[in-house]
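In our numbering, the protein residues as written are 29 to 166.
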């Protein structure tokens with residue numbers, strides 16, 4: 029599956045002006061009124077979706093975090109899976125922690141969990157864990 033950046037054929041560090049310019053070029057090429065194949069209609073939908081996410085600073089930042097999280101999941105060797113209930117909660121920092129076997133700590137914040145980050149490294153060694161949890165909608 030391609031990223032929104034790949035759909036728009038821009039780098040992840042591209043400015044909003046570059047993204048907008050590329051969006052305009054691509055949507056003209058793949059617009060349903062000018063389509064030559066059914067693939068163009070699907071491509072136009074992908075281009076529109078990518079533009080909707082990347083044009084807004086807040087949604088782009090969330091998307092970038094989500095993308096980084098997915099990459100981390102693919103790239104990292106996970107030493108263990110730990111249920112969130114097994115971790116200690118700190119109300120002051122809104123974070124969960126667990127002591128590592130090296131005496132270091134695994135620490136993950138509520139904000140990280142809310143955006144889908146569930147892999148955390150020890151602050152003292154190279155071990156990583158996946159935090160298992162269920163999202164509860166309020």
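All residues carry an ideal CB built from backbone N, CA and C; glycine is no exception.
The model shown is predicted, which means the values in this text are computed figures rather than measured ones.
*Can you check whether the CB of residue 78 is closer than 8 Å to the CB of residue 35?*
yes
_Nearest by alpha-carbon distance to residue 44: which of 31, 87 and 83 is it?_
83
_Rounded C-alpha distance that separates residue 219 from residue 151_ = The question about residue 219 has no answer here: the residues shown for the chain are numbered 29 through 166.
_Within 8 Å of any Cβ in chain B, is that where the Cβ of residue 152 sits?_
Given the protein chain composition of this structure (a single chain), no chain B is represented.
*In angstroms with no decimal places, state the Cα-to-Cα distance between residue 89 and residue 113.*
29 Å
*Mind the definition here: the region 123-130 touches the region 153-161 only if three or more C-beta pairs lie below 8 Å; say whether that holds.*
yes
*By DSSP, does residue 118 sit in helix, in strand, or in coil?*
strand
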